[in-house]
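Under the working numbering, the residue at position 387 of the sequence shown is numbered 388, and the numbers go up by one with no gaps.
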Amino acid sequence: MSRTKALSGGSGVVVLVTLVAVFGVVAPAVAAGPAQGTEGSSVATVSGTDAVPDAGSVGSEPVTPAGPGTGPSAGAVAGPGDGVSDRKFPGPGNGVNDGEFAGPGDGPGGGMANANVSNVTLVSGQRVTVIQSGNETSYVVDADVEMRKVETPRGTYVYPAGTDFSTFDPSLFNVDLLVDQGLTDEESGAIPVIVERDRSGGAVGPQRAGAGGLAGFEADRTLESVGAVAGTIDKATDESTPTLSTQTSAPTVERVTLDRYYELDLDDSTEAINADSTREERDLDGSGVRVAVLDTGVSDTHPDLDEGTVVDEVDVTQDGTVEDDFGHGTHVASILAGDGDASDGNHTGVAPGAEIMNVRVLDSQGRGRASWIIQGMEYAVDNSADVISMSLGVRPSGDSPIAEAVDVATERGVVVVIAAGNSGPYAGTIGTPGIAPSAITVGAMDHTTGEVARFSSRGPTAFTKRVKPEVVAPGVDITAACAQGALVDCSSESPAYATFDGTSMAAPHVSGVVALMLEENPDWSPPRVKDTLMSTASSLGGYTVYDEGTGMVNATRAVDPRVIVENASLDVGVVDENGTVTRVVTVRNTGDEARTLSADVVLRDAESGQPVGDVSVNRTEVTVPAGGSADVLLSIDASVPEGTYSGRLTFSGGDRTYSAAFGFTRARTITVEKRPTGNTSVEDDKVWVIPHTTGVTARLLTVSNGTAEFIAEGPGNYTVLSTGTDESTDGPVLMMETAEDPDRIVLDEGGTAVYDLNASELRDAHGPMVNLSTQAELRTGPFFGLTVLDNFTDTRRARFSEQSELAAVVEYVMAPASEHDGETQEVDVDSLYHLVYATPNVTGPETFEVDRSTLATDERTYYRSSADQRLQMIQLVLLKNTTSRWSDGGYWWNLSGRSEQTVYLTPEDAGYYTVVRTPDRRETEHPWLVWFQDPAPAETVSTSFNRHPYSSISLWALGRYVYTEGYFQVDQGPARAIYSDPGTDAEMSVRINGSTVYEDATGVTTGSFYLGYAANGTVIDVTLDASNPGGLSTRTVTDYRTTLGGEDVRPPEVRRLVFEEMNTTSAVPEGESTVRVNFTEPVEEAVVLYAAGNAASDPVSADGVDETAGWTRADAVRLNDTAVRATVNVTSRHTSVAVYGVDEDGNVVATTVYDAVRTPEENEASSLLAQYANDEGLVDTAGLQDAISDWAAGEISTDLLQELIAAWASGEPVA
């Protein structure tokens, strides 16, 4: 029990004497409970209002229990529901609500109540809770190690300090990506990974806490082409078992990457590339060429694909079907090889004689993991595919196994054609696996306008700066086969077909051309096919090679090229020094007579399109002998300004022009210098580099010998972020610098601003204090931020980059050392301090002084649904004075068996969301209980969490529109904590004059409905129906009804529904029990019913009271016009309760709570007195003070308080 609660009205002795007189130990005849009115006759239905007299007072220290709804009175002990500031849950437009959980439009509370909450367990074993509310996201860590958080425009990374990113793909710690990939704990119990084996035999496996190997890894497929296995790492549920631990039998590991999902590249075309005329003139249709379509499946029953076109089919997804449930693969296959039967030949594919291998690597939602796609490529190669066609991809990554698999397939003789992606028109957006060097990467163009499609992804490739795409093909308004019954919509006019845009459509055009080429030239290698396609493509004019490659494919010329420019895509990449770059270009003559060609070369600034620089060939005319070749030397003077350059080398002769593409990025090496403070070390510190350039991802560098280097992505701003440790204090160092066009960026730890905490007042009050957690955060704007989170550290000092545009936050969770050992995450302490200090600008050193007199005090009671239920608690911080709303809340703390606690909060810089949960959320979904408070200096409040029964709240606004917002289940604490578990089975429905106008079973809590003209008498009903898998309040059903035309058109709410004899484990003794019901406004009629166990049906609704079998109407006494007290008979393990109320305008609230409370277990202490006893089983003065405070807050009944006073007076043990 907490021993720190204070009472107003004089010394404890005087107050106790006064209460003895009031409550009947001395004068029982005048006993009156808090806010209890004159006892009238017991009635089943209460009408009217009884007067509520003041209880008497003795001596000069009056104590006046205030009646509910009367507001606090001077010197009074507030009655239940009144609190310090007569808190109530506000409706829309109520404005400020004195620090209580806000409703919609009233502040942050409404947003939090509707937050999307998910948990993500990392491969390193830590669990991150992601709370998304509006545009704000908070990341809460459940960990026992020091953690780092880095916010970038491409996602937020959360990882343990010291993570080896040379082994672990940073994407494994990109929490936003993991959520997007459906890898929350609610959705998946494992993390899919690709584990690349060390093929040298000398590598050390991944490290976590000094342990090597991959415990919990289960392989489900072998990817021989990339020397890897794919599988899953189980998310450890045993807190003592790390996700990654020693496993001596595991192979040595070189790299672990996320086996992420790849997606489709969706955003009379064949004649545009001369496919029709080529087939006709040269009698080609792709016969004998086998093309593997790696996609969502192919419908071999479609008329365009049903006559033996599909010769092989396999599913490598987890769906277990080769059917095309999505529809994309069928569309792609028919562009490539459809025979046009369903359109009388109007929609014939490029190579209708080609054989299609249906390799299903994408599921029914159009997504496929990297390992599925790699295995699909391996299947195609092993089963005699000549061509692999893929219209899929994701944002580029630097070292993807899937790109390596493309190169392996090419080396084994298979041509791989891949869609470029649909992230244009921005540079550097070619997706993975299209970035693979050997792939023929295809952009999209509009064959009706001759323009590159705006959506088509552009080069150069990220990181390596290669020329991509190689060519473009039609990808706008492409009509092809539509799989019947699939997810995609077929044309209403021609149901056998559908029309789409995307590089998905462009790639199969090129795959079809390749089939024609291989039919004519079956011995051509993949490099020869690629060079030929590029050599013979037709430039669209006015575009760079990063937009179109060498141009639009030309089937006629590709089949019979006459001349081929070998190495038609010249790999120059990044140039970071002045000087001349040379490349040898080979021109090959495939004809039977010599050809003389003129050579021309041009280099342009890729951004402006203007010719630049000095570029030349060693001869402007070249004669190539029949069947022979000739070399041309290309020379590029790289002494040009920083930027990206597009080059085109052409050879012209007769009526044809042959092209090669080259390009390079003139870049500079940027050095990040990190200088330590004092004699500390910065060796191996991590530096994140984020270019302010569209489409460019962050880079992660490691400091070596004081520096780290990277190649600039181009002109513009660069932000670098780094964390370190001041080894003299063990405090974190957070640094952020942004520079425009830098050559060198200096991070000087010695020049940072020191933030420190003076907690001497806490030491004076409690003795030594321990830091349970410390957090330092540095950020600017919405995209860039650093956080260091550590527990049980001895330091309270942090260093920040000193810049006025940066905001800094320090946060401490502390407890007296006499109550906590500073080593465990148990917070079984009487006093807990949560101190937050924020500055909107870092302009110099700060020392924050803890002033206990200004701290807000929160006296808390934590209720449990059973005697052995474990609870965890965390407080999220809502910052007031910085550019960032959220600061992450740190660690989850275990409350052990504690039911009461005093929490002290700094009010100036932050508001607080307190979240209470059970720690086993992945196994059994239990409620989140969320309460917001914006404390005032020196304010004292009392709050309760998880007090049953759970009821509901509905907020209303009526006008031309009906606006309703429902909170399905809320507890009975003074501030009404929101039950916001994402797994709640919840349904909201709205009816107008009996007709349902809205129904949603997904847990959505808001609805807005246009009324137009609504006559008086229009009846509006709202029903909230929610269940939870916890043991109590298993289902709450609430009906609200309002009838237009009265003065008040807002239904009353059941504000408080309390079993007064319930203890903090939610147990009520068998026999008669008192239920206190408070409404938010006066009611003319109030009914309370109860039932043993989980009764079969709702006894109350908006239509009235239906005393069905099993439900009993309780005897009730009117306390005032908003409150009644009813007596129920508890006879079974669980008791359900229902309340019905009607106001003077006929507005109705009717709520039923199933399994509202429980009786104690056999081996559970049934004495409610025991919770106020000391270790010797006696009710001492401190215990009685606690009881009085709980009685004043409405937490216990008058009868129980009288028993405690008697036990205190007698000195007899109660436990």
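Backbone N, C-alpha and C fix where the C-beta goes; we use that ideal spot for every residue, glycine too.
Q) Skipping 5 residues on each side, what residues in its chain have a beta carbon closer than 7 Å to that of residue 316? A) Result list for residue 316: 322, 323, 361, in chain order.
Q) Using the C-alpha atoms, what's the distance from residue 816 back to residue 1209? A) Distance between the alpha carbons of residue 1209 and residue 816: 30 Å.
Q: On the DSSP bridge assignment, give the partners of residue 835 in chain order.
A: Residue 835 is bridged to 814, 906.
Q.
Alpha carbons only, please: which of 532, 1204, 1110 is nearest the one belonging to residue 1189?
A. For the residues 532, 1204, 1110, the minimum Cα distance to residue 1189 belongs to 1204.
Q | 8 Å Cβ shell around residue 1177 - same chain, five flanking residues per side excluded | A | Its chain contains 1214 as the residues whose beta carbon lies nearer than 8 Å to that of residue 1177, once the 5 sequence neighbours on both sides are disregarded; these appear in chain order.
Q. Can you tell me whether residue 1029 is buried or exposed, with buried defined as 16 or more other CB within 10 angstroms of its CB?
A. Label assigned to residue 1029: buried.
**Q.** Beta-bridge partners of residue 638, as assigned by DSSP
**A.** According to DSSP, which records beta bridges pairwise, residue 638 is partnered with 581.
Q: Taking the CB atoms as reference points, tell me whether residue 446 and residue 406 lie closer together than 8 Å.
A: Result no, Cβ atoms of residue 446 and residue 406 do not sit closer than 8 Å.
Q) Secondary structure at residue 1088, three-state DSSP: helix, strand or coil? A) Look at residue 1088 here: in three-state DSSP terms it is strand.
Q) Mind checking whether residue 439 and residue 432 have CB atoms under 8 Å apart? A) Cβ atoms of residue 439 and residue 432: not closer than 8 Å.
**Q.** CA-to-CA distance, residue 566 to residue 588, given in whole angstroms
**A.** Roughly 5 Å between the two C-alpha positions.
**Q.** Boundaries of the alpha helix (DSSP H) in which residue 332 is found, first to last residue
**A.** Segment 329 to 338, the alpha helix (DSSP H) holding residue 332.
Q. According to DSSP, which residues form a beta bridge with residue 510?
A. In the DSSP output, where bridge partners are listed per residue, residue 510 has none listed.
Q: With residue 283 as the anchor, note down where its alpha helix (DSSP H) starts and where it stops.
A: Run containing residue 283: 276 to 283, per the alpha helix (DSSP H) assignment.
(Q) Which of the three DSSP states is assigned to residue 174 in this structure? (A) Residue 174 falls in the helix class under three-state DSSP.
Q. Going by beta carbon distance, what residues of the same chain come within less than 6 Å of residue 533, once the five residues before and after it are set aside?
A. Excluding positions up to five away in sequence, the list reads 559, 562, 565.
Q: For my contact list, residue 176 and residue 121 are in at a C-beta cut-off of 8 Å; report their separation, rounded to the angstrom.
A: So it is a contact: roughly 5 Å between Cβ atoms.
**Q.** CA nearest to the CA of residue 830, picked from 133, 1113, 862, 301
**A.** By alpha-carbon distance to residue 830, the top candidate from 133, 1113, 862, 301 is 862.
Q) DSSP beta-bridge partners for residue 1218? A) Since the first residue shown for the chain is 2 and the last is 1216, residue 1218 is missing from the structure and cannot be characterised.
(Q) As a quick exercise: from 522, 917, 1095, pick the residue whose alpha carbon is nearest that of residue 141. (A) If we check each option's Cα against that of residue 141, 917 comes out closest.
**Q.** For residue 1: DSSP bridge partner residues
**A.** Since the first residue shown for the chain is 2 and the last is 1216, residue 1 is missing from the structure and cannot be characterised.
Q.
Taking its Cβ as the centre, do 16 or more other Cβ atoms sit within 10 Å of residue 759, making it buried, or is it exposed?
A. It is exposed - the Cβ of residue 759 has fewer than 16 other Cβ atoms within 10 Å.
Q: Taking 8 Å as the threshold, find out whether the stretch 282 to 290 comes into contact with the stretch 338 to 357 through three or more Cβ pairs.
A: Flag = yes, the stretch 282 to 290 and the stretch 338 to 357 touch.
Q.
Could you pull the DSSP bridge partners for residue 471 from this structure?
A. Per DSSP, none; premise fails for residue 471.
(Q) Buried or exposed for residue 634, going by 16 or more other Cβ atoms inside 10 Å? (A) With fewer than 16 other Cβ atoms within 10 Å, it is exposed.
Q. Do you know offhand how far residue 947's Cα is from residue 865's?
A. Cα to Cα, residue 947 sits roughly 7 Å from residue 865.
(Q) Ignoring anything shorter than 3 residues, give me the beta strand (DSSP E) runs that lie fully in the stretch 119 to 149, in order along the chain. (A) Segments of the beta strand (DSSP E) lying fully in the stretch 119 to 149: 128 to 134, 137 to 143.
Q.
Taking contact to mean 3 or more Cβ pairs, one atom from each stretch, closer than 8 Å, check whether the stretch 1120 to 1137 and the stretch 1016 to 1028 are in contact.
A. Output reads no: the stretch 1016 to 1028 does not touch the stretch 1120 to 1137.
Q. What does a CB cutoff of less than 6 Å around residue 280 pick up in its chain, not counting 5 residues either side in sequence?
A. Counting only Cβ-Cβ distances below 6 Å, and skipping sequence neighbours, we find 286.
**Q.** Between the CA atoms of residue 771 and residue 897 - distance to the nearest angstrom
**A.** Those two C-alpha atoms are separated by around 18 Å.
(Q) If you measure between the beta carbons of residue 224 and residue 376, is that distance less than 8 Å? (A) Yes, these two residues count as a Cβ contact at 8 Å.
Q) Using the beta-carbon count (16 or more within 10 Å), is residue 1059 buried or exposed? A) So residue 1059 counts as buried.
Q) residue 785 bridges to which residues according to DSSP? A) According to DSSP, residue 785 bridges with 781.
Q. Would you call residue 1017 buried or exposed, if buried means 16 or more other Cβ atoms sit within 10 Å of its Cβ?
A. It is exposed - the Cβ of residue 1017 has fewer than 16 other Cβ atoms within 10 Å.
Q) Taking C-alpha atoms, which residue in 471, 473, 487, 497 lies nearest to residue 480? A) Of the listed residues, the one whose Cα sits closest to residue 480 is 497.
Q: Reducing DSSP to helix, strand and coil, say where residue 1021 ends up.
A: Collapsing the DSSP output to three states places residue 1021 in a strand.
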